[in-house]
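The sequence shown begins at 114 in our numbering and counts up one residue at a time. Using N, Cα and C, we set each Cβ at its ideal position, and we do this for glycine too. Just so it is clear, the structure is predicted and the values come from calculations on it, not from any experiment. Structure, as structure tokens:
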Amino acid sequence: MKDFTYTALPARVTFGAGKLASVRDEVEAIGASRALVLCTAAQREQAEQVAELLGPSLAGIHDGAEMHVPIASARKARELASELNADCAVAIGGGSTIGLGKAIALESSIPILAIPTTYAGSEMTPVYGITEDGVKRTGKDVRVLPRAVIYDPDLTMSLPLEMSLVSGMNAIAHAAEGMYAKDGNPVMSLMAEEGIRALAQGMPLLVDAPQDKEARAQCLYGAWLCGTVLGHVGMALHHKLCHTLGGSFNLPHAETHTIVLPHALAYNSPAASEAMGRIASAIGAPDAAVGLHHMAVKLGLPTALRDLGVKEADLDRACEIALSNPYWNPRPIEAKPLRALLQRAWEGAEPQ
Ligand code: NAD
Numbered sequence: 114m115k116d117f118t119y120t121a122l123p124a125r126v127t128f129g130a131g132k133l134a135s136v137r138d139e140v141e142a143i144g145a146s147r148a149l150v151l152c153t154a155a156q157r158e159q160a161e162q163v164a165e166l167l168g169p170s171l172a173g174i175h176d177g178a179e180m181h182v183p184i185a186s187a188r189k190a191r192e193l194a195s196e197l198n199a200d201c202a203v204a205i206g207g208g209s210t211i212g213l214g215k216a217i218a219l220e221s222s223i224p225i226l227a228i229p230t231t232y233a234g235s236e237m238t239p240v241y242g243i244t245e246d247g248v249k250r251t252g253k254d255v256r257v258l259p260r261a262v263i264y265d266p267d268l269t270m271s272l273p274l275e276m277s278l279v280s281g282m283n284a285i286a287h288a289a290e291g292m293y294a295k296d297g298n299p300v301m302s303l304m305a306e307e308g309i310r311a312l313a314q315g316m317p318l319l320v321d322a323p324q325d326k327e328a329r330a331q332c333l334y335g336a337w338l339c340g341t342v343l344g345h346v347g348m349a350l351h352h353k354l355c356h357t358l359g360g361s362f363n364l365p366h367a368e369t370h371t372i373v374l375p376h377a378l379a380y381n382s383p384a385a386s387e388a389m390g391r392i393a394s395a396i397g398a399p400d401a402a403v404g405l406h407h408m409a410v411k412l413g414l415p416t417a418l419r420d421l422g423v424k425e426a427d428l429d430r431a432c433e434i435a436l437s438n439p440y441w442n443p444r445p446i447e448a449k450p451l452r453a454l455l456q457r458a459w460e461g462a463e464p465q
């Protein structure tokens, strides 16, 4: 066994169908009494439900959350929080809405109560991202880690099926890379394996019955575990590639993860055999990379970057950008195999 240092991040987690009803108690538990509720315009209805449950602990609702947290939207939300004298942010939504809460917390240090409605996992991490002049600046600061999280599977019922499934693959990606992380540890590997298993069992059930309560609970439980892994250990090739591709070609976040993951794992497979064995066992397949590719095909998910609008002529540039910013990876990142990986991901071919 390799040596490790494990620093656990603090977070209070409440999990269960109907747990949204405890939102006022959770606001009190983090020592707050004037909550600014954040959401996207599309999730206004869910935010109004939260507002009603908060009663006198409500400061206001702001439905301006947007993908990638543009700086203008962060400024607006910060000003509103200050004008309303809010002493906490309640973010109900996916990674974009929780990201807006983080942008407020980064400046004002008010605590966040996160109520995730996708499987992206931002609620369990101290990582923030703000986009200025087309560039997404990310950073790590424990002030943005939500102080409390309510996981209520009922709130995920309205997440459209395909979004649920690509979001689930996005969560699996956090856990998969966490298993071979440079700063990994046995506790995170246990969580990662269990998180992948829960999602791999829950997602196929959603295809036949998107409103299946038990399947929704399984998936959200998996998302919590995978998000915890993302918050605790460093990521590698897969996440960096998705960040590069997403930022440079404006690609959708969870779909990009879904397509790239099997290929990134195939690339790292020779240097991370124990992790690959555990991932394969969690998804019930002989091989982690090929198994995840087959899983995506079976679930009817996108498997080719060309279907997201990436041009074949862009692949050389994508490869150059990915190589221009060196980072740790279990297998050294080299131009030729990386370019081959991108080609296969572009075509939607089986990973090798
Ligand atoms: P998202 O938050 O952008 O949501 C996508 C859309 O789905 C939005 O319109 C949203 O309102 C809607 N939606 C969400 N939940 C819904 C539900 N239950 N019912 C109906 N509609 C719903 O998508 P995401 O994939 O959750 O988050 C992606 C963003 O989060 C990216 O910008 C990514 O970089 C960031 N992220 C950050 C971290 C981190 O640790 N900082 C982790 C993961 C993702």
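If you draw a straight line from the Cα of Ala-190 to the Cα of Leu-405, it comes to about 39 Å. At a threshold of 8 Å, Ser-361 does not count as near the ligand NAD, since its beta carbon sits no closer than that to any of the ligand's heavy atoms. Here the C-alpha atom of Ile-263 lies approximately 25 Å from the C-alpha atom of Met-348. Restricting attention to alpha helix (DSSP H) runs no shorter than 4 residues, the segment 237-317 encloses them at 274-292, ordered along the chain. In the DSSP assignment, Gly-173 falls within the beta strand (DSSP E) that extends over 171-175. In this structure, Met-316 has its beta carbon at no less than 8 Å from each heavy atom of the ligand NAD. The Cβ atoms of Leu-338 and Glu-307 sit closer than 9 Å to each other. Put simply, of Leu-454, Arg-329, Leu-278, Ala-204 the residue whose alpha carbon is nearest the alpha carbon of Ala-417 is Leu-454. Taking the Cβ of Tyr-241 as the reference point, at least one heavy atom of the ligand NAD falls within a distance shorter than 8 Å.
Taking all protein chains in view, the Cβ of Ala-322 is surrounded by fewer than 16 other Cβ atoms within 10 Å, so the residue is classified as exposed.
For the pair Met-316 and Ser-277, the CB atoms are nearer than the 9 Å cut-off. Between the ligand NAD and the CB of Thr-231, the shortest heavy atom gap is smaller than 8 Å.
The beta carbon of Met-389 lies closer than 6 Å to those of Ser-382, Ala-401 in the same chain, with the five residues before and after it left out.
Contact check for Ser-280 against Ala-233 passes: the beta carbons are separated by less than 9 Å.
In this structure, the beta-carbon distance from Leu-364 to Ala-435 does not fall below 9 Å.
Within the same chain, Tyr-241 come within 7 Å of Gly-252 by CB-CB distance, once the 5 residues on both sides are set aside. For Ile-228, the secondary structure class from DSSP, reduced to helix, strand or coil, is strand. Taking one beta carbon from each stretch, the segment 410-427 and the segment 435-448 have fewer than 3 pairs nearer than 8 Å; the two do not touch. Less than 9 Å divides the Cβ of Pro-259 from the Cβ of Gly-214. Rounded to the nearest angstrom, the gap between the Cα atoms of Asn-198 and Ala-172 is 8 Å. Within 10 angstroms of the beta-carbon of Ile-184 lie fewer than 16 other beta-carbons, which makes it exposed.
For Cys-332, the uninterrupted alpha helix (DSSP H) run begins and ends at 326-345, by DSSP. In this structure, the C-beta of His-345 stays at least 8 Å away from each heavy atom of the ligand NAD. By the Cβ rule, the segment 291-302 does not count as touching the segment 325-337, because fewer than three pairs are nearer than 8 Å. Around the beta carbon of Ser-222, a 10 Å sphere encloses fewer than 16 other beta carbons of the protein chains shown; the residue is thus reported as exposed. Pairing Leu-303 with Ala-178, the inter-Cα distance amounts to about 34 Å. Minimum Cα-Cα distance from Ile-217 among the listed residues Thr-230, Asp-246, His-175 corresponds to His-175.
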